[in-house]
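To start, the structure under review is shown below, and the notes come after it.
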Amino acid sequence: MSTLAHPAATQRPIDRWFASYSGDHRNATNQRIHVFAVPAILWSVIALLWCIPSPDAMFRPGVWAALPMFAAMLFYYRASRPLGLGMLVQFVALSALTYWIAQRFGIRTLLWTAIGVFVVAWIAQFIGHKIEGKKPSFLTDLTYLLIGPAWVLAKLYRKLGWAY
Numbered sequence: 484m485s486t487l488a489h490p491a492a493t494q495r496p497i498d499r500w501f502a503s504y505s506g507d508h509r510n511a512t513n514q515r516i517h518v519f520a521v522p523a524i525l526w527s528v529i530a531l532l533w534c535i536p537s538p539d540a541m542f543r544p545g546v547w548a549a550l551p552m553f554a555a556m557l558f559y560y561r562a563s564r565p566l567g568l569g570m571l572v573q574f575v576a577l578s579a580l581t582y583w584i585a586q587r588f589g590i591r592t593l594l595w596t597a598i599g600v601f602v603v604a605w606i607a608q609f610i611g612h613k614i615e616g617k618k619p620s621f622l623t624d625l626t627y628l629l630i631g632p633a634w635v636l637a638k639l640y641r642k643l644g645w646a647y
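Numbering of the sequence shown is given in the numbering used here, commencing with residue 484 and proceeding in unit increments.
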């Protein structure tokens with residue numbers, strides 16, 4: 484049987500994830516909220532993990548953020564090399580920002596800033612979903628917590644005319 488008869492058979496898993504995620508994010512206002520809130524949540528999670536103390540003799544500050552970022556980057560890279568590389572660039576940039584804040588203002592300020600950003604961004608997300616009239620995708624499958632940042636990045640790639 485030809486795969487032309489079944490378009491879903493020719494789609495990559497990431498395309499199916501994005502199609503499903505997009506189904507819960509059709510409202511333009513909700514999409515705009517996500518474009519800002521999802522990266523803010525991503526940064527806040529990195530910053531919160533950065534704040535976990537590490538034994539100075541064994542690890543450097545930020546190791547507890549680096550390990551999940553590495554695992555997530557592998558997930559993205561396996562799904563799509565361009566998305567994986569784009570997420571790597573994001574992780575490096577967000578880590579640099581986090582490092583700078585921690586060095587300049589201290590871990591305590593980083594912690595409270597990350598908590599504030601996390602709370603405000605999630606409130607924005609839930610407002611967006613209230614406007615949308617649909618529950619957040621991650622309530623059906625936690626993998627969508629990983630799909631959201633890649634979905635936002637894929638929107639940027641499409642806007643720039645880049646393949647993912």
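Ideal Cβ placement from N, Cα and C applies to all residues, glycine included.
All values reported here derive from a predicted model rather than from experimental measurement.
Do residue 531 and residue 601 have their C-beta atoms within less than 8 Å of each other? What you label residue 531 is simply residue 48 of the sequence shown in a count that begins at 1. What you label residue 601 is simply residue 118 of the sequence shown in a count that begins at 1. The answer is yes: Cβ separation under 8 Å.
Are the CB atoms of residue 625 and residue 555 nearer to each other than 8 Å? Counted from its first residue, the sequence shown places residue 625 at position 142. Counted from its first residue, the sequence shown places residue 555 at position 72. No, they are not a contact pair.
Count the other CB atoms, across all protein chains shown, that sit within 10 Å of the CB of residue 635; report buried if there are 16 or more and exposed otherwise. The residue you call residue 635 lines up with position 152 of the sequence shown. By the 10 Å Cβ count, residue 635 comes out buried.
In whole angstroms, what separates the C-alpha of residue 563 from that of residue 627? As a working mapping, residue 563 is identified with position 80 in the sequence shown. As a working mapping, residue 627 is identified with position 144 in the sequence shown. Taking the straight line from one Cα to the other gives about 16 Å.
Alpha-carbon to alpha-carbon, residue 544 and residue 582: Start at 1 with the first residue of the sequence shown, and residue 582 comes out as number 99. Start at 1 with the first residue of the sequence shown, and residue 544 comes out as number 61. Straight-line Cα distance between these residues: approximately 9 Å.
Compute the distance between the beta-carbons of residue 590 and residue 512, then report whether it is under 8 Å. As a first step, residue 590 is located in the sequence shown; it is residue number 107 there, counting from the start. As a first step, residue 512 is located in the sequence shown; it is residue number 29 there, counting from the start. Not a contact, by the Cβ cut-off of 8 Å.
Quick check: residue 518 and residue 632, are their CB atoms within less than 8 Å of each other? As a first step, residue 518 is located in the sequence shown; it is residue number 35 there, counting from the start. As a first step, residue 632 is located in the sequence shown; it is residue number 149 there, counting from the start. No, the Cβ-Cβ distance between residue 518 and residue 632 is not below 8 Å.
Using beta-carbon positions only, say whether residue 431 and residue 647 come within less than 8 Å of one another. Outside the modelled stretch of the chain, which goes from 484 to 647, sits residue 431, for which no answer is possible.
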